[in-house]
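One line per chain: the protein sequences are A and B, in this order.
All residue numbers for the first sequence refer to the working numbering, where the first residue is 100 and numbers rise by one.
All residue numbers for the second sequence refer to the working numbering, where the first residue is 100 and numbers rise by one.
Take a look at the structure below.
There are 2 protein chains.
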Amino acid sequence: MDRSLPHVFFKPGTVAVVGASKKARFGSSIPGLLLRHGYQNNLYLVNPREKEINGLPVYTRLLDIPAPIDLVIILVPAPQAPSVIAECIEKNVPAVVLESAGFSEVSSEGALLEEEIRTLLQGTKTRVIGPNCLGVINTHESFSTTEVNLENLRPGNIGIIAQSGTFGNILVDWAPTQGLFFSKLVTIGNRLDVDETDCLLYLADDDKTDVIVLYIEGVKNGRRFYEATREVSRNKPILIFKSGRSPAGRKAAASHTGSLTGEDELYEALFRQSGVIRATSFQELFDIARVFSHEPTMAGPRVCVVTVSGSLGVMAADACTECGLELPDLSPKTVSTLREIAPAWMNVKNPLDVGPSGTFAAALKAVVTDPQINGVIAIPILPEVIMSHITELGIDIRSMYGDPEELRILSPNKPIVLYTLGGPKWIETIHKTYGQTFSLVSSLENAARALSASFWYRKLSMQR
Amino acid sequence: MDRSLPHVFFKPGTVAVVGASKKARFGSSIPGLLLRHGYQNNLYLVNPREKEINGLPVYTRLLDIPAPIDLVIILVPAPQAPSVIAECIEKNVPAVVLESAGFSEVSSEGALLEEEIRTLLQGTKTRVIGPNCLGVINTHESFSTTEVNLENLRPGNIGIIAQSGTFGNILVDWAPTQGLFFSKLVTIGNRLDVDETDCLLYLADDDKTDVIVLYIEGVKNGRRFYEATREVSRNKPILIFKSGRSPAGRKAAASHTGSLTGEDELYEALFRQSGVIRATSFQELFDIARVFSHEPTMAGPRVCVVTVSGSLGVMAADACTECGLELPDLSPKTVSTLREIAPAWMNVKNPLDVGPSGTFAAALKAVVTDPQINGVIAIPILPEVIMSHITELGIDIRSMYGDPEELRILSPNKPIVLYTLGGPKWIETIHKTYGQTFSLVSSLENAARALSASFWYRKLSMQR
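Next up, the structure:
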C-alpha cells in the first residue's frame with residue numbers, strides 16, 4: 100500500500116477541527132484562521148459541548164459531518180485521541196494532524212495511547228502527523244494548521260522539517276526578519292506515524308522546495324532515513340541540525356518529544372555518507388540554508404574576502420582556513436586593475452582590505468570575474484557618522500559597494516556571501532539594498548561554513 | 100622613567116589637531132566634534148595651508164601654538180609624521196594619537212618611518228598611540244579622537260582595546276544596538292609605541308571599567324603581556340578574541356596592522372595560564388563581556404535551563420554539556436512547588452520545559468532559589484500571533500515571564516542569562532523588559548560559554 104504523504108496535508112479540499120473551542124486556549128483560533136484563508140465553505144467543526152463557533156454549526160462527532168473530509172485537525176486531550184482517530188479511519192480521512200500533547204513525551208500511559216493509535220492505523224490509508232506538534236504550513240497556498248500570521252509569510256524555496264511545534268512557530272516569526280522564506284514547514288512532534296523520512300520524501304518531490312532543512316532530535320528509522328537522504332541529496336541539498344548530542348541533551352530530548360537520540364558518532368557517519376550537510380548550531384543551519392537558497396554552488400575551494408575592515412578580513416581568513424577553504428593570490432590582471440585605482444596605503448592582497456579608499460565596488464567587480472576565485476565573502480562597512488555625510492551628499496550605496504544585479508550578471512556561477520556590522524540605519528540599508536539578491540549571513544564563521552558546505556556538496560554531486 | 104599611559108589621553112585639558120582640513124576627508128570632522136563636546140576654548144588647529152577652520156585660527160606649526168598641549172591628534176600623510184612627532188617632543192606633549200595609515204602595514208619604507216619615530220621617542224615623556232588607528236573614546240567624559248556620534252554612547256563598564264580603527268568605530272555603532280555599553284575604547288593600530296599591555300594596565304586601574312575586552316591580532320611583548328594579564332585578571336576579568344590563528348589569517352594580519360601573530364598554540368597556553376578568557380568569535384567575545392558586565396560570577400557548574408520551547412531546551416542542554424557545565428536534577432522542594440501548579444503534560448525536569456503552561460515566571464522564581472542551581476539560562480518565547488492576544492487582554496510580560504528586579508533580589512549571587520527568538524515586536528519587548536537587567540545573549544552556545552567562563556574565572560580567583 101502507498102504510504103507516502105498525501106498532498107491533502109498541504110492543500111486539503113475540506114478540513115475538520117475536532118476539539119474546536121470558543122474559549123481562548125491552545126488551537127482555538129485555528130477555525131478563524133482557516134475562514135480567513137479560503138475555507139469559508141469547506142470547514143467543519145466538532146465539539147459535543149458546543150452548538151456554534153465562528154458562525155459555523157458544530158457537530159457532535161466527526162462521523163456526523165455530511166461530507167468527505169481531507170484533513171482532520173485534532174485538539175482534544177490525549178486520552179480522547181484514539182477514539183477520534185478511529186472515526187477518522189471509519190470516515191476514510193487520508194490526513195490527520197494530531198496536535199495534542201500528553202503522550203510518550205510525558206508518561207508510559209501516554210506511550211500506550213500512541214501504541215493504541217498505531218495499532219488502529221495498521222492496514223488503513225489514514226496518515227497521522229503528531230502528536231505533540233503543530234502540523235503543516237504551506238506558504239504558497241496560504242494554508243496552515245497552526246496559528247500564525249499567514250499574511251507575513253512571503254513564499255520562499257526552503258522546506259523545513261522541525262521536530263517541535265513551538266520551535267516551528269517561532270521560526271515562522273523569526274525567519275522573515277532574517278530574510279529567510281519558506282515553501283513548506285512541517286512539525287512532526289512524537290512521530291507516532293509520519294516521520295522525518297516521510298516529510299523529506301515529500302519535499303524531495305515538491306517543486307516549490309529547493310533546499311530541505313531539518314531540525315531533529317533523533318531519527319526514527321536509521322536505515323530508511325539513510326537511503327532516503329542518500330537518494331534525495333543527489334538532487335536537492337539537505338541540511339540538518341541535530342540536537343540531543345550530549346547525555347543531558349539526550350535526556351532532554353526524551354522528555355521533549357519522546358525521541359531516542361542514539362550516539363552522536365553514528366549520526367555523524369550517517370550524515371556524511373548520505374551527502375547531508377550538518378550544521379553545528381541552528382543559526383549556522385539557517386545561514387547555510389540561506390546561501391543554498393540564493394547562491395549557485397561553489398566550483399572550487401578558492402575564496403576572496405573583500406572588506407572595509409582589516410580586522411574583519413583577518414577573522415574571515417581564519418574562518419575560511421578553519422573550514423578547509425583557501426585564500427589564493429589574486430590573478431595578475433586583478434592586481435593591476437586595482438593597483439591603478441588604489442591609494443598607496445592600500446594592500447592589494449587577499450583578503451582585499453580596501454579600507455576607506457572608496458574602491459569597494461571596483462574591487463568586488465574585479466574579484467568576481469577573477470578566474471582564480473570561486474566564491475566571495477564581501478564585508479561592506481560604513482560608520483553611521485560617515486553614512487550621514489554620504490546620505491546628505493545624495494551618494495547611492497550601490498555606487499560605493501557595488502550593484503548587486505550587475506555583479507550577478509557579471510558572475511552568475513559564483514556564490515557571493517555578505518557580512519556586515521554597524522548601527523541600525525546601516526544594517527537596514529544593507530538589508531534593503533543587498534538582502535534580496537545576496538546572502539547576508541549572521542557571522543563570518545557561518546559565511547565560511549556555508550561556502551565550505553557549498554563546495555563540498557558540489558564536489559560530491561560531481562562524483563556520483 | 101614612568102612610561103605608563105598618561106590620563107590626558109582620555110581627558111586632555113588642551114588638544115591640537117595637526118593636519119586639520121576644510122575638505123571632507125578622513126578626520127576632517129574631528130575639530131567640529133571636539134567643539135561640540137567642551138573644547139570651545141582649548142582646541143588648536145595646525146595646517147600650513149589654511150588660515151581658519153570651524154571659526155578657529157589655524158597655526159602653521161605645532162610649535163607656534165601659544166599654550167601647552169596635552170594631546171595632539173596627527174592626521175598628516177605618513178612621510179610627514181616624524182617631523183610632527185619631533186615638534187610634539189620639543190613642546191613636551193605627553194600624549195599623541197597618530198591616526199595616519201601608510202606605515203609598516205604597507206611597506207618597508209613605512210616600517211622605516213615607524214622606526215624613525217621610535218628613535219625620536221627614546222628618553223622622552225611623549226607617548227604615541229598608533230599609527231593606523233583612531234585613538235581613544237571615553238564615554239564618561241564624552242571625549243573622542245575619532246568621528247563618532249558621542250551623543251549615542253551611553254557610558255558603561257566595559258573597557259575595549261582593539262587593534263584596528265575601522266573595527267573599533269563599527270563596534271561603537273553596533274554595541275548600543277546590542278545593549279552593550281563601553282567605558283573607554285582604544286584602537287592601537289600598528290603599536291609603534293603604546294601597545295595592548297599599556298592599555299590593559301591603564302584600564303586595570305580605571306574605576307569606570309569592570310571588564311576588559313581585547314581584540315588583537317598579535318601580542319607585541321609576550322612576557323610583559325603575560326605578567327600584566329596574570330596580575331590584572333586577579334581583579335578584573337580579561338576577555339580576548341585573537342585572530343590571525345591560521346596561516347591565511349596571519350598573512351592578513353601582517354598586511355593589516357603589521358602584526359606578527361605567532362603560533363596559536365603558544366597564545367592558547369599564555370591565555371590559560373594568565374587567567375584570561377579566550378573567545379572563539381567576536382560575537383562570543385561580546386556575549387561573554389555582557390554576562391561579566393551584568394551578572395555575578397557563577398559559584399559552581401550547575402545550570403538550570405527554563406524554556407518555553409523544548410527544542411531550544413535540548414539545544415541549551417547540549418551547549419552546556421559541551422562547555423563542561425552540568426544540568427543537575429532540581430531539588431525535591433522545587434519539584435513539589437512546580438508539580439502543584441504544572442499541568443499533567445508538563446515534565447518538571449532540567450531543562451524545565453514549561454511549554455504553553457503559563458508557569459514560566461513561577462518556574463524561574465523556583466529555580467533561582469534552588470540550592471542545587473548555580474546559574475540559569477532562561478528562554479522566554481512567545482509567538483507574535485499569541486502576543487497580540489495577550490497585549491489586547493492587557494497582560495504584562497513581567498507577570499508571564501518573571502519580574503527581573505524581583506528575581507535579582509531573590510537571588511543576587513546567581514547569573515541569569517537570557518536567550519530568545521521570535522518576531523520583531525517580541526524581540527523589542529524582551530529587550531525593553533529584560534535587556535537592562537539581565538544578559539540577553541545572541542545564541543544558546545554563547546549563553547553556555549559565558550556561564551562556563553564565569554565559573555572558570557571564579558574558580559581560578561578562589562585558587563589564588
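For glycine and all other residues, C-beta sits at the position ideal for the given N, C-alpha and C.
Using a Cβ-Cβ cut-off of 7 Å (strictly less than) and excluding sequence neighbours within five positions of residue i, which residues of its own chain qualify?
| i | result |
| --- | --- |
| leucine 509/B | Lys464, Val467, Thr468 |
| alanine 416/A | Val404, Leu426, Pro450 |
| arginine 548/A | Glu383, Ile387, Cys422 |
| alanine 194/A | Pro105, Val107, Phe108, Pro111, Asp169, Leu170, Arg226 |
| valine 183/B | Val117, Leu161, Ile173, Val175 |
| glutamate 204/B | Asn231, Asn289, Ser354, His355, Thr356, Gly357 |
| isoleucine 496/B | Thr528, Thr532 |
Could you pull the start and end residues of the beta strand (DSSP E) that residue i belongs to?
| i | result |
| --- | --- |
| proline 156/B | 155-158 |
| valine 390/A | Segment 381-393 is the alpha helix (DSSP H) holding valine 390/A; no beta strand (DSSP E) there. |
| isoleucine 257/B | 257-261 |
| leucine 174/B | Taken as a continuous stretch (DSSP letters only), leucine 174/B belongs to no beta strand (DSSP E), as it is neither H nor E. |
| phenylalanine 108/B | Run containing phenylalanine 108/B: none; DSSP gives neither H nor E here. |
| leucine 197/A | 194-197 |
| isoleucine 311/B | 310-315 |
| valine 227/B | 226-228 |
For residue i, which residues from the same chain have a beta carbon less than 6 Å from its beta carbon, with the 5 sequence-adjacent residues on both sides left out?
| i | result |
| --- | --- |
| serine 408/A | Ile480 |
| glycine 474/B | Met397, Val402, Lys513, Pro514, Leu550 |
| proline 230/B | Leu197, Ser199, Phe202, Gly288, Asn289 |
| serine 538/B | Arg389, Val390, His393, Glu394, Val516 |
| isoleucine 236/B | Ser243, Leu284 |
| leucine 543/A | Met414, Ala415, Ala418, Tyr518 |
Cβ closer than 8 Å: which chain A residues qualify as neighbours of residue i?
| i | result |
| --- | --- |
| serine 435/B | The premise fails here: serine 435/B is roughly 18 Å from chain A at the closest Cβ pair, so nothing lies under 8 Å. |
| alanine 443/B | Gly201, Val205 |
| tryptophan 273/B | Leu520, Gly521, Gly522 |
| glycine 412/B | Ala351, His355 |
Among residues of its own chain, excluding the 5 on either side of residue i, which ones have a beta-carbon nearer than 8 Å to its beta-carbon?
| i | result |
| --- | --- |
| threonine 308/B | Asn256, Ile257, Gly258, Ser282, Lys283, Leu302, Lys335 |
| isoleucine 152/B | Ala119, Ser120, Lys121, Pro130, Leu144, Asn146 |
For a contact meaning CB atoms closer than 8 Å, what does residue i contact in chain B?
| i | result |
| --- | --- |
| valine 407/A | Thr265 |
| valine 247/A | Pro482, Val484 |
Under the rule that 16 or more other beta-carbon atoms within 10 Å means buried, what is residue i, buried or exposed?
| i | result |
| --- | --- |
| lysine 448/A | buried |
| aspartate 306/A | exposed |
| isoleucine 168/B | buried |
| alanine 368/B | exposed |
| lysine 432/A | exposed |
| proline 523/A | exposed |
| glutamate 208/A | exposed |
| threonine 218/A | exposed |
| asparagine 545/B | buried |
| isoleucine 494/B | exposed |
| leucine 365/B | exposed |
| proline 455/B | buried |
| serine 103/B | exposed |
| alanine 166/A | exposed |
Considering only DSSP beta bridges, list what residue i is partnered with.
| i | result |
| --- | --- |
| serine 408/B | DSSP lists no partner for serine 408/B. |
| threonine 286/B | Gly234/B, Ala261/B |
| glutamate 425/B | Arg401/B |
| alanine 115/A | Tyr143/A, Val171/A |
| lysine 558/B | Lysine 558/B pairs with nothing; no bridge assigned. |
| arginine 377/B | Ile339/B |
| isoleucine 515/B | Val475/B |
Going along chain B, which residues have a C-beta under 7 Å from residue i?
| i | result |
| --- | --- |
| cysteine 419/A | Ala347 |
| lysine 448/A | Ser354 |
| threonine 276/A | Gly522, Pro523 |
In chain A, which residues lie with their C-beta within 7 Å of the C-beta of residue i?
| i | result |
| --- | --- |
| isoleucine 269/B | Ser408, Ile480, Pro482, Leu520, Gly521 |
| histidine 488/B | Ala123 |
| arginine 344/B | Asp417 |
For chain E, is any of its Cβ atoms less than 8 Å away from the one on residue i?
| i | result |
| --- | --- |
| alanine 123/B | In summary, chain E is missing from the structure at hand, where the protein chains are A and B. |
What is the residue span of the alpha helix (DSSP H) that residue i lies within?
| i | result |
| --- | --- |
| glycine 348/A | 346-356 |
| alanine 327/A | 321-331 |
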